[in-house]
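>
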Amino acid sequence: MAEVFTWCVRTEITGTGDFLTREARFGDGYRQTAADGLNNETQQWPISIVGKESKVGPALAFLRARKGAESFLWTPPLGVQGLYLCKTYSLIPHGNGVFTLNATFEQTFQP
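Sequential numbering of the sequence shown, starting at 1, is according to the numbering used here.
1. If we call anything under 8 angstroms between Cβ atoms a contact, is residue 99 one with residue 70?
2. Which residues share a DSSP beta bridge with residue 45?
3. Is there a C-beta anywhere in chain C that falls below 8 angstroms from the one on residue 87?
4. Could you pull out every residue in the same chain whose Cβ sits closer than 6 angstroms to the Cβ of residue 75, ignoring the five residues on either side in sequence?
5. Find the nearest neighbour of residue 97 within the set 27, 89, 90 and 51, judged by alpha-carbon distance.
6. Excluding the five sequence neighbours on either side, which residues of its own chain have a C-beta within less than 6 angstroms of the C-beta of residue 22, listed in chain order?
7. State the CB to CB distance for the pair residue 83 and residue 2, rounded to an integer number of angstroms; the pair is presumed to be in contact (CB under 8 angstroms).
8. Which one or two residues does DSSP pair with residue 82 in a beta bridge?
9. Hey, would you say the C-beta of residue 77 is under 7 angstroms away from at least one heavy atom of the ligand ADP?
10. Bridge partners of residue 23, per DSSP?
11. From which residue to which residue does the alpha helix (DSSP H) around residue 64 run?
12. Roughly how many whole angstroms lie between the Cα atoms of residue 47 and residue 104?
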């Protein structure tokens with residue numbers, strides 16, 4: 001079972017969703033569009049965590065332990081808990097022990 005990402009992220013994040021579709025075009029501008037597969041919507045969420053090392057450090061360790069290949073459970077704003085991967089992150093030190101962790105969560109699916 002996948003572990004759960006439990007840290008609070010900044011609320012000003014803006015997620016994006018992509019729909020995978022198939023389309024057939026016909027004459028006179030007509031076209032037929034259908035969803036491609038059962039899970040045809042994927043979401044990407046840029047997240048941010050700001051705080052002291054004691055807050056940011058464990059979240060960074062959680063992401064690094066998965067090495068960009070192991071999915072984890074996370075619940076996006078106004079969403080349902082699902083599986084996500086984190087392939088990229090950045091850490092910004094602000095001084096006085098304060099850091100910003102930026103990462104991108106990409107939705108994934110498993111049987």
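Idealized CB from N, CA, C, for every residue including glycine. Bear in mind the structure is a predicted one, so any value in this text is a computation, not a measurement.
On the basis of the data shown:
1. no
2. 105
3. No chain C is present in this structure, which holds just one protein chain.
4. 81
5. Checked all of 27, 89, 90 and 51; the closest Cα to residue 97 is 51.
6. 34 and 36
7. 6 angstroms
8. 74
9. As presented, the structure is devoid of all ligands, the ligand ADP included, so that no description of it is given.
10. 33
11. 53–65
12. 6 angstroms
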